[in-house]
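Inspection log for the structure reproduced underneath, given as structure tokens.
Residue numbers (our numbering): 9 to 299.
This is the structure:
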């Protein structure tokens, strides 16, 4: 009579899905293994740790922190201003990409390279530069001051900073698509009597719209998480121009780690909802284009 060893017993009692999972993992290529490991370490585990840290608060306390008056005010400033900045760049970023693709002019390469300046410029330097230029005594702020328009240390300044740091996302997303678009279709529309505006709205914009929305989504995500420039150009006054990332940093300075994490979770969840809505718009625009 043969007695089964403990290892044999454990193997015989191992659930089927676990055995299948291990077998599947061993059959994965190295590219899959590296990808899964990298995503786990750099993305999923940090997000999971944030949720677990926020979960240390009781549900009532969690809801109280996430929906406090100052938290709701920072959500308003952060998301509304980011959406407006992304929408502005959706229009003017597309215009910049159009000019860079369709026109030749002196110093074009320098202008093209300057578009990437917000990528290379440290955000704190960008905030200091914008605060100086748009102050009441600055080059641009002095022109706006007689009209009663104050930019630096206001919510408007936060919007200007968000527009500045998110502009390249729209331009660099739309530019390659414009380069691939054939002008023959536009010329055919003109030959059939379409005006330039009709050609743009009915021929150029429909296939370009999903790409514009992608750039807007990237710019929006960049603006939501911006800290370095906005903390300098704004006054960081609660209920006026205080954004959520700055509020999280203030909570960390007060050693309120769980409170900061709760606000971070709220920021993440609201961002995901908005991203889903943007993706739905992209899907609808693609379906319209296919028709």
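Ideal Cβ placement from N, Cα and C applies to all residues, glycine included.
- C-alpha of residue 91 to C-alpha of residue 34: approximately 45 Å in a straight line.
- Excluding sequence positions up to five before and after residue 173, its CB lies within less than 8 Å of the CB of 126, 131, 134, 230, 231, 234, 237, all in the same chain and listed in chain order.
- In this structure, residue 184 sits away from residue 124, with a CB-CB distance that is not shorter than 9 Å.
- DSSP, read as helix, strand or coil, puts residue 178 in helix.
- Nearest to residue 276 by C-alpha distance, out of 143, 245, 145, 86, is 86.
- The way I'd put it, the region 68 to 78 does touch the region 262 to 274; three or more beta-carbon pairs between them come closer than 8 Å.
- Our two residues, residue 107 and residue 179, have alpha carbons roughly 10 Å apart in a direct line.
- In the DSSP assignment, residue 190 falls outside any alpha helix (DSSP H), carrying neither H nor E.
- The beta carbon of residue 254 sits closer than 6 Å to the beta carbons of 239, 244 from its chain, once the five residues preceding and following it are set aside; these are given in chain order.
- Per DSSP, reduced to three states, the secondary structure at residue 202 is coil, with no helix or strand assignment.
- Across the structure, residue 288 and residue 252 are spaced so that their CA atoms are roughly 26 Å apart.
- Sorting 120, 79, 286 by C-alpha distance to the C-alpha of residue 101 places 120 at the top.
- Residue ranges of uninterrupted alpha helix (DSSP H) with 4 or more members, entirely inside the region 213 to 245 and ordered along the chain, are 213 to 232, 238 to 241.
- The region 205 to 225 and the region 190 to 197 touch, with three or more beta-carbon pairs separated by less than 8 Å.
- One Cα belongs to residue 281, the other to residue 201, and the distance between them is close to 43 Å.
- Cβ neighbours of residue 155 within its own chain (closer than 7 Å, five residues either side excluded): none.
- Counting only the Cα atoms, residue 37 lies some 35 Å from residue 224.
- Nearest to residue 82 by C-alpha distance, out of 260, 249, 292, is 249.
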